[in-house]
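Q:
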Ligand code: MIG
């Protein structure tokens, strides 16, 4: 019998059965611990060979997680029952069944005849993934702990962090090892961000599996073995969380309940950014800002890459290039533009350089297996690496941010935090250009904490700005990350290339990050490596209208790719795309705020809202902004039309966020006409989306002019709007616009929670789908234009009532799953 003994523990007191917060099972050598951290979440710690591996057998060692939020409340109560050779544990709305003889286990939802198996591990441990053995797999025992889960026919596996490939990762072999690879290709794995969390869709229902191990891991997603999801970790255990659904949105919410929600970004971070590796001086940036303003192009931020530093020394500025950083930040600010500087982790070794001296004095650095400070080469050469896995080092680094905060900066770009290391003074075994497997972080090997390195660095940045500039919202951009990174930073997808395939790839990559609990993400617009073209750049800006993070960035030595570099035709198309973005900001900001409460990403894959529709689940060339606004950019050179998949419901073509076109029944593909200046969009019946006017930069998220684009369904419609100052402390007003059909009337109400605005909002409604309105009460004016009812509203309106003709019955009910 593999598991001969078990104990139910509550507050450290063990009993042989009954109730407690933890059920621990053990036998000759293995340990398994079940707990229920949150409703709908069961945690199963698997410790094979624990007797040989861990201190305190048959207890499980205390574990510090980089992913789980630090303020997680105490776990829920479990009930355990010993049924001969089977152990049954019930808690958190789930049940866990263990065959004590074989070690096979399952997690189920529901009970009796409605019970469904979510996760099934038919053998204890299981075989290692067989694909692509890593370098030195044997010597470092990279597949030390293993788990095989059933992968039922037809199930789709979403998420897993930052990955190439389609939305469904079934058929892929994935490695969790944050890697700086330039250039990456459409087959490269792994990339910069590792999140061992997947949402499994099966028969229209969702559940989640999260393996909280920062150790190097692999997952074989039904590739080598078509009906198994195999995990392997270089660490001594697998810490598995099973999250119940039934909707993908439930899984994401539970994952964020466990690992934390993203904080609210300032509004300017949703505006347009311009960057380039090659902007060197304050004058370069001044010219860029002027270039935008001269051409009436919206811009909210400029980025400055490594060349601003003095000899690549972090927390320094080369005086000749930036004579007065603070003055420049103020000057850019007067144009509505924020400055975001890059910071790398590598610290130059140089006697007398205060950052280096402090790091050495404070014992803040990563060491070699022998115990010396580890020295490598990055941009600074030689360079040493702060050990961001230790809280005191995070604290020290946070303190360094005073340097930028004092200059009036509130955003930061953290690069190279995989960590990247071009070469080592003393070569040792490793994987990719990073630190050696056996480097030391306190007493942990690099192999254990590599993936979590960026989390500590970004946590420090957020904490630093929060401390030194408490009046504004910090905004941090990171390249690398592990589960939980969403608490600290927005992710950009690193070094893509100026190719059409990378434009296409950006959509499943960003959506995959969203499905990995990271709602704020974006890709370099125009492509980082290689020379872009006017057409590619224009189409990229269109596709990026719904990126949560929109920034044009390119590599040193590539052709200039600011929006005006390819002639007026393309500049005009790009301006139109940027104007769309700025007009959509009320909606995007509302989605951003929703992300901080629901974990639903800004750019949503169709799979989130239509998990039972196979065409929707597999569609990765389109995305949703909210439940009902579909965006279908052109992703191919020369194309002027494209196929668009519309899920169930009725969808109206929307042009330029102001005109409606044909209405299509969903559940089919339609052809969109998309000449160069057009970004195809569709609004679903039952949805209302708030938009404003174009602007050259953001100011406040209290929109003085607001229009609702409404596609009325048979039952009416619903829309949401979040407003606040756009920066500073949290708090604001959430408004629901509700249109409700009551017999032959449609009553439109505005329901607001939170502070009332201290200004007069000028509001209008543009409603499609109501062609027979006879009479309107409560509006300032109304008129029909091409079948669209246009209403202007008096200040502080509350209700508008439309009297409809009986025969107005040409819409069908909405059938989207409600989310909030
Ligand atoms: O070794 O700072 O992904 O955005 O421009 C390259 C220079 C370092 C990689 C980043 C890229 C940035 C570049 N960096």
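Numbering (our numbering), first residue to last: 282 to 1101. Glycine residues also receive a C-beta, built at the ideal position from the N, C-alpha and C atoms. These figures come from a predicted structure and were not determined experimentally.
1. For the ligand MIG, I want to know if residue 635 counts as a neighbour, meaning its beta carbon is within less than 7 Å of at least one of the ligand's heavy atoms.
2. Using a threshold of 7 Å, is the CB atom of residue 305 nearer than that to any non-hydrogen atom of the ligand MIG?
3. Got a sec, what are the start and stop residues for the beta strand (DSSP E) residue 402 sits in?
4. With DSSP as the reference, label residue 245 as helix, strand or coil.
5. Express the C-alpha separation of residue 727 and residue 735 in angstroms, rounding to a whole number.
6. Run through the segment 640 to 702 for me and flag every whole alpha helix (DSSP H) of 4 or more residues, listed as ranges in chain order.
7. Please classify residue 627: does DSSP put it in a helix, a strand, or coil?
8. Out of curiosity, what's the CA-to-CA distance linking residue 283 and residue 503?
9. Need the endpoints of the beta strand (DSSP E) that residue 453 sits in, please.
10. With distances taken between CB atoms, is the gap from residue 579 to residue 857 smaller than 8 Å?
11. Any beta-carbon of chain C closer than 8 Å to the one on residue 450?
12. Helix, strand or coil for residue 596, going by three-state DSSP, please let me know.
13. Using only CA atoms, which one of 1031, 1078, 1027 lies nearest to residue 1070?
14. Between the segment 472 to 481 and the segment 401 to 410, do three or more beta carbon pairs fall short of 8 Å?
15. Cα separation between residue 1043 and residue 985?
16. In its own chain, which residues sit with a C-beta less than 6 Å from the C-beta of residue 401, not counting the 5 before and 5 after it?
17. CB of residue 836 to nearest heavy atom of the ligand MIG: below 7 Å?
18. Let me know the secondary structure DSSP gives residue 344 once reduced to three states.
19. Using a Cβ-Cβ cutoff of less than 6 Å, which residues in the same chain neighbour residue 495 once the five nearest sequence positions on both sides are dropped?
20. For residue 1076, collect the residues of the same chain with a Cβ closer than 6 Å to its Cβ; drop the 5 residues on either side in sequence, then sort them by chain order.
21. Would you give the residue range spanned by the alpha helix (DSSP H) that residue 609 belongs to?
22. Considering only their Cβ atoms, is the gap separating residue 656 from residue 630 smaller than 8 Å?
23. Excluding five sequence neighbours on each side, which residues of the same chain lie with their C-beta closer than 8 Å to the C-beta of residue 341?
24. Any heavy atom of the ligand MIG inside 7 Å of the beta-carbon of residue 570?
25. Quick check on the burial criterion: 16 or more other C-beta atoms within 10 angstroms. Buried or exposed for residue 300?
26. How is residue 842 classed by DSSP in three states: helix, strand or coil?
27. With respect to 7 Å, is the separation between the Cβ of residue 586 and the closest non-hydrogen atom of the ligand ATP below this value?
28. Return the CA-CA distance between residue 641 and residue 355, expressed in angstroms with no decimal places.
29. Can you list, in chain order, the residues of its chain with a C-beta nearer than 7 Å to that of residue 570? Leave out the 5 residues immediately preceding and following it.
30. Answer with buried or exposed for residue 667, where buried requires no fewer than 16 other C-beta atoms within 10 angstroms of its C-beta.
31. Just to confirm, does residue 989 get its C-beta within under 7 Å of one of the non-hydrogen atoms of the ligand MIG?
32. Taking residue 806 as the reference, which of 788, 390, 889 has the closest Cα?
33. For residue 704, write down the residues that DSSP places opposite it in a beta bridge.
34. Report the three-state DSSP secondary structure of residue 884 (helix, strand or coil).
35. Excluding the five sequence neighbours on either side, which residues of its own chain have a C-beta within less than 8 Å of the C-beta of residue 603, listed in chain order?
36. In chain order, what residues of the same chain have a beta carbon less than 6 Å from the beta carbon of residue 825, not counting five sequence neighbours either side?
A: With the given structure in hand:
1. For the ligand MIG, not one heavy atom lies less than 7 Å from the Cβ of residue 635.
2. Checking the Cβ of residue 305 against the ligand MIG gives no.
3. Note, residue 402: beta strand (DSSP E), 397 to 402.
4. No statement about residue 245 is possible, as the shown extent of the chain runs from 282 to 1101 and does not include it.
5. Going by the C-alpha atoms only, they are around 13 Å apart.
6. For the segment 640 to 702, whole alpha helix (DSSP H) runs of length 4 or above, ordered along the chain, are 672 to 681, 683 to 686.
7. Coil.
8. If you take the alpha carbons of residue 283 and residue 503, they lie about 27 Å apart.
9. Run containing residue 453: 453 to 457, per the beta strand (DSSP E) assignment.
10. Going by C-beta atoms, residue 579 is not nearer than 8 Å to residue 857.
11. Of the protein chains in the structure, only one exists, and it is not chain C.
12. Here residue 596 sits in coil by DSSP.
13. Checked all of 1031, 1078, 1027; the closest Cα to residue 1070 is 1027.
14. The segment 472 to 481 makes no contact with the segment 401 to 410: fewer than 3 CB pairs, one atom from each, lie closer than 8 Å.
15. Taking C-alpha positions only, residue 1043 is separated from residue 985 by approximately 6 Å.
16. Contacts found: 387, 431.
17. Checking the Cβ of residue 836 against the ligand MIG gives yes.
18. Residue 344: coil per DSSP, three-state reduction.
19. Non-local beta-carbon contacts of residue 495 in its own chain, meaning distances under 6 Å to residues more than five positions away in sequence, involve 347, 730, 732, 733, 763 in chain order.
20. Excluding residues within five positions, the ones whose Cβ falls inside 6 Å are 1041.
21. Per DSSP, residue 609 is one residue of the alpha helix (DSSP H) stretching across 606 to 615.
22. In this structure, the beta-carbon distance from residue 630 to residue 656 falls below 8 Å.
23. Excluding sequence positions up to five before and after residue 341, its CB lies within less than 8 Å of the CB of 305, 312, 314, 326, 328, 331, 335, 518, all in the same chain and listed in chain order.
24. In this structure, residue 570 has its CB at a distance of at least 7 Å from all heavy atoms of the ligand MIG.
25. Its Cβ having fewer than 16 others within 10 Å, residue 300 is exposed.
26. Coil at residue 842, not helix or strand.
27. Of the ligands one can find in the structure shown, namely the ligand MIG, none is the ligand ATP.
28. One alpha carbon belongs to residue 641, the other to residue 355, and they sit about 38 Å apart.
29. 580, 583, 613, 616, 618.
30. Buried, by the Cβ-count rule.
31. Of the heavy atoms belonging to the ligand MIG, none sits nearer than 7 Å to the Cβ of residue 989.
32. Ranking 788, 390, 889 by Cα distance to residue 806 puts 788 first.
33. DSSP output for residue 704 lists 658 as bridge partner(s).
34. Of the three classes helix, strand and coil, the one that applies to residue 884 here is strand, per DSSP.
35. Correct list, in chain order: 562, 563, 589, 609.
36. Around residue 825: 806, 831.
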